[in-house]
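In the working numbering, the protein residues as written are 115 to 213. Beta carbons: idealized from backbone N, C-alpha and C, even for Gly.
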């Protein structure tokens, strides 16, 4: 996996570090964008503060996955930068960081 970090993670709520860790673990363990999507949909079945969609916005641009942090809980607005972009995936589960 090749990851690009675009800015800091802001702890605007106590749940953010844990949810971010869960998302990051999904990214590390997934070998394809479809696997990432399936795992994220499973996480989003949670209600309230445990639902990652309440704190983050994400999407796919081709095979790239990007993650953006919302300004606050359930906010429609996000910080100006994409916090994280996954450039490539690998079944080997090695993490390569490219800033």
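Cβ neighbours of residue i in the same chain (closer than 8 angstroms, five flanking residues each side left out)
i: residue 187; result: 126, 127, 163, 168 and 169
Nearest to residue i (by Cα), restricted to the options the options
i: residue 116; options: 140, 131, 178 and 159; result: 178
i: residue 174; options: 189, 148 and 166; result: 148
Whole-angstrom distance between residue j and residue i, CA atom to CA atom
i: residue 181; j: residue 140; result: 13 angstroms
i: residue 145; j: residue 203; result: 5 angstroms
i: residue 200; j: residue 138; result: 10 angstroms
i: residue 129; j: residue 142; result: 20 angstroms
i: residue 121; j: residue 176; result: 22 angstroms
i: residue 159; j: residue 124; result: 24 angstroms
i: residue 189; j: residue 131; result: 17 angstroms
i: residue 198; j: residue 161; result: 24 angstroms
Same chain, Cβ closer than 7 angstroms to residue i, five either side skipped, listed in chain order
i: residue 171; result: 182, 184 and 192
i: residue 133; result: 166 and 169
i: residue 157; result: 136 and 166
Start and end residues, alpha helix (DSSP H) containing residue i
i: residue 189; result: No alpha helix (DSSP H) contains residue 189, which DSSP labels as neither H nor E.
i: residue 155; result: 147 to 157
i: residue 119; result: Careful: residue 119 lies outside any alpha helix (DSSP H), inside the beta strand (DSSP E) at 116 to 119.
For residue i, the first and last residue of its enclosing beta strand (DSSP E)
i: residue 173; result: 170 to 175
i: residue 181; result: 178 to 183
Three CB pairs or more closer than 8 angstroms across the stretch 143 to 158 and the stretch 191 to 198: no
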